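A quick write-up on the structure given underneath.
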Amino acid sequence: LTERLRELEQEGILQRDVDASVIPPRVSYRLTEKGRDLQPVLEAIQAWGLKYGDNVVATCLGKGLNLCFSCPVRES
Numbered sequence: 001l002t003e004r005l006r007e008l009e010q011e012g013i014l015q016r017d018v019d020a021s022v023i024p025p026r027v028s029y030r031l032t033e034k035g036r037d038l039q040p041v042l043e044a045i046q047a048w049g050l051k052y053g054d055n056v057v058a059t060c061l062g063k064g065l066n067l068c069f070s071c072p073v074r075e076s
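Sequential numbering of the sequence shown, starting at 1, is according to the numbering used here.
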């Protein structure tokens, strides 16, 4: 996960924010304008997944895949 986040940050898709006022420092990520421009692409992939997704399996887990556009924020 760390490697993927770094790659997305290097490509300008994500921005990494660090809150050093707490210990340990809290790191969060947000989409840049470039990342937000990917939304139509992700929506097209989601539509494909809704149509054909029953047959898509994460082979490493042996489970179906779910697509979400945002993750719940963890409350501290």
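Beta carbons are placed, not taken as given, at the ideal position from N, Cα and C, and that holds for glycine.
Remember, it's a predicted structure, so these values are computed and weren't measured experimentally.
Buried versus exposed, by CB contacts within 10 Å (16 or more), residue i
{"i": "Leu38", "result": "exposed"}
Cα-Cα separation between residue i and residue j, rounded to whole angstroms
{"i": "Arg16", "j": "Pro25", "result": "12 angstroms"}
{"i": "Gln10", "j": "Ser28", "result": "15 angstroms"}
{"i": "Thr32", "j": "Leu8", "result": "10 angstroms"}
{"i": "Ala20", "j": "Asp54", "result": "43 angstroms"}
{"i": "Val18", "j": "Arg6", "result": "14 angstroms"}
{"i": "Arg30", "j": "Lys51", "result": "29 angstroms"}
{"i": "Ile2", "j": "Val22", "result": "For the sequence presented, residue 2 should be read as Thr rather than Ile. Rounded to whole angstroms, Thr2 to Val22 spans 21 angstroms at the Cα level."}
Other residues of its chain near residue i: CB distance less than 6 angstroms, five sequence neighbours each side excluded
{"i": "Ser76", "result": "Because the pLDDT of Ser76 is 48, which lies under 50, any placement of that residue in the model is unreliable, and the number read from its coordinates should be weighed accordingly. Cβ neighbours of Ser76 beyond the five flanking positions: none."}
{"i": "Ile45", "result": "none"}
Own chain residues within Cβ distance below 7 angstroms of residue i, not counting five before or after
{"i": "Gly35", "result": "Ile13 and Leu14"}
Neighbourhood of residue i by C-beta, 8 angstroms cutoff - its chain only, sequence neighbours within 5 removed
{"i": "Ala47", "result": "none"}
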